[in-house]
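Working notes, structure below.
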Amino acid sequence: MINYLYQEQNWQSQLNDLITDPQDLLQRLQLSPDQLLSGALLASEQFRLRVPHAFVSRMVPGNPLDPLLLQVLPHHLELEEHEGFVTDPLAEEAASQLPGVLHKYTSRFLLTLTGACAVHCRYCFRRHFPYQQNQPRNNDWPDIQHYLLSHPAVNEIILSGGDPLTLSNARLSLWVKRLESLSQIKILRIHSRVPIVIPNRLDEELVSLLKNSRLRIILVVHSNHPAELDDLTCAQLRQLAQQNILVLNQSVLLKGVNDSARVLTELSHRLFEAQVMPYYLHVLDKVKGAHHFDLQADQIDDIYKQMLAALPGYLVPRLVREIAGEKNKTPLYGVSTF
Ligand code: SF4
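What follows is the structure, encoded as structure tokens:
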């Protein structure tokens with residue numbers, strides 16, 4: 017195992033010290049940089065490699081098929097065109113009301129406060145999203161406030177990706193206070209992969225901010241494989257549950273990464289040890305560049321049936337697909353066409 021002493025580093029230093037060069041990443045993992053075809057470097061120019069040392073330390077050196085590595089390493093297959101795989105698979109640009117605001121569901125309202133992520137996941141459905149034009153500035157708050165007040169059915173705010181936990185605690189605190197000032201808002205949901213890839217992000221100041229909010233806080237983390245959940249990550253997640261903060265996990269079903277009931281069953285058990293409840297298992301969104309992660313409907317069906325047989329009901333995530341324009345995610349189990 018590689019020891020980067022990341023456990024002692026604060027999260028900001030880790031965020032400022034990401035690995036961004038694919039050849040450097042392979043060398044650190046004792047893999048030949050020659051395995052990168054020129055297309056992979058071009059893919060990296062289009063959607064840059066970004067991965068923290070803390071996440072790389074959980075990859076197994078010498079294994080080119082490591083499931084954590086496959087999620088972040090640019091691949092020449094990303095350049096292929098495939099029918100149905102598009103740049104905005106969920107038609108989010110059409111659902112954007114104000115900069116940084118997506119109002120897709122009646123009672124929930126998405127805020128994308130930043131386009132930055134600590135890690136670039138190659139399958140991300142927002143990999144082509146024009147974040148630059150879609151981030152609220154500080155002086156956009158009155159417009160957002162006005163919009164929320166004129167939509168009283170909205171009672172839940174979702175901070176989504178880019179990754180809201182790449183923001184400083186001060187900036188998060190500012191937004192939490194703004195949302196707390198509106199009595200109609202009861203729930204704040206934070207979607208983030210940072211607690212998985214840089215577990216030190218869950219620092220004392222952040223935990224205190226979350227536990228002292230008048231809003232009911234739900235943190236939805238994103239882990240796809242049990243090897244992501246090392247002891248430090250689990251311990252950091254567990255402390256949130258101990259402060260009565262609900263932590264859920266969502267995963268994406270990915271060919272070559274977690275396409276087996278055995279791996280996903282182990283993931284559910286490991287999450288439970290960290291006091292995180294499995295929430296969603298997403299079928300891949302058909303985003304351009306991610307076709308090589310896609311699975312056939314019968315394979316998905318098979319994996320999910322085996323999970324149902326192997327796990328107690330409370331550890332089975334809901335298998336869902338998001339369909340552009342739909343008011344909710346579409347549950348897939350029992351549906352014959354994916
Ligand atoms: S938004 Fe989430 S899935 Fe997409 S690249 Fe960022 S961390 Fe990964």
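Residue numbers (my numbering): 17 to 354. The beta-carbon is built from N, C-alpha and C at its ideal position, and this holds for glycine as well.
Residue burial is scored here from C-beta neighbours: Tyr139 has at least 16 other C-beta atoms within 10 angstroms and is therefore classed as buried. If you draw a straight line from the Cα of Arg209 to the Cα of Gln46, it is about 26 Å long. As the crow flies, the alpha-carbon of Asp247 is around 24 Å from that of Asp275. The alpha carbon of Ser284 has as its nearest neighbour, out of Tyr330, Val299, Thr249 and His308, the alpha carbon of Tyr330.
Look at His136: its beta carbon is less than 6 Å from one of the heavy atoms in the ligand SF4.
In the structure shown, the three-state DSSP call for Thr346 is strand. At least one heavy atom of the ligand SF4 lies less than 6 Å from the C-beta of Arg209.
Going by DSSP, Phe125 is part of the beta strand (DSSP E) stretching over Arg124 to Leu127. Inclusion of Leu183 and Thr103 in the CB contact set at 7 Å is not warranted, their separation being larger than that value. Contact annotation: the region 285 to 294 touches the region 248 to 267, with at least three C-beta pairs closer than 8 Å.
The alpha-carbon of Leu245 is positioned some 29 Å away from that of Trp191. With respect to the 7 Å criterion, Pro115 and Asp179 are not classified as neighbours on the basis of their beta carbons. For Leu222, same chain residues with a beta-carbon under 7 Å away, outside a window of 5 residues either side, are Asn185 in chain order. Just so you know, the alpha carbons of His162 and Leu52 end up roughly 50 Å apart. In terms of Cβ geometry, Asp317 and Pro105 do not form a close pair [threshold 7 Å]. Assigned with DSSP and collapsed to three states, Tyr295 falls in strand.
When C-alpha distances from Asp310 are compared across Asp33, Ala340, Leu269 and Pro215, the shortest belongs to Leu269. Per DSSP, Ile319 is not a residue of any beta strand (DSSP E); the alpha helix (DSSP H) it occupies stretches across Ala313 to Ala326. Rounded to the nearest angstrom, the Cβ distance from Arg124 to Glu196 is 17 Å, too far for a contact under 8 Å.
Contact check for Ile206 against Arg232 fails: the beta carbons are separated by 7 Å or more. DSSP places Ser48 in the coil class of the three-state scheme, outside both helix and strand. For the 7 Å CB-CB criterion, Leu34 and Arg66 form a contact. Collapsing the DSSP output to three states places His136 in coil. Here the distance from the Cβ of Gly131 to the nearest heavy atom of the ligand SF4 is not below 6 Å. Annotated three-state conformation of Leu53 is coil, per DSSP.
Secondary structure within the region 132 to 215: the alpha helix (DSSP H) runs of 4 or more consecutive residues, fully enclosed, are 157 to 165, 185 to 196 and 210 to 213 (chain order). A check of alpha carbon separations from Gln200 across Thr346, Leu225, Val170 and Leu218 identifies Val170 as the nearest.
Between Arg337 and Val299, the C-beta spacing is below 7 Å. Between the C-alpha atoms of His167 and Asn240 there is a straight-line separation of about 35 Å. A direct Cα-to-Cα measurement between Gln30 and Arg217 gives close to 9 Å. Cα atoms of Leu327 and Asp314: separation of roughly 20 Å, rounded to the nearest angstrom. Taking 7 Å as the cut-off, the beta carbon of Glu97 is found no closer than this to the beta carbon of Gly305.
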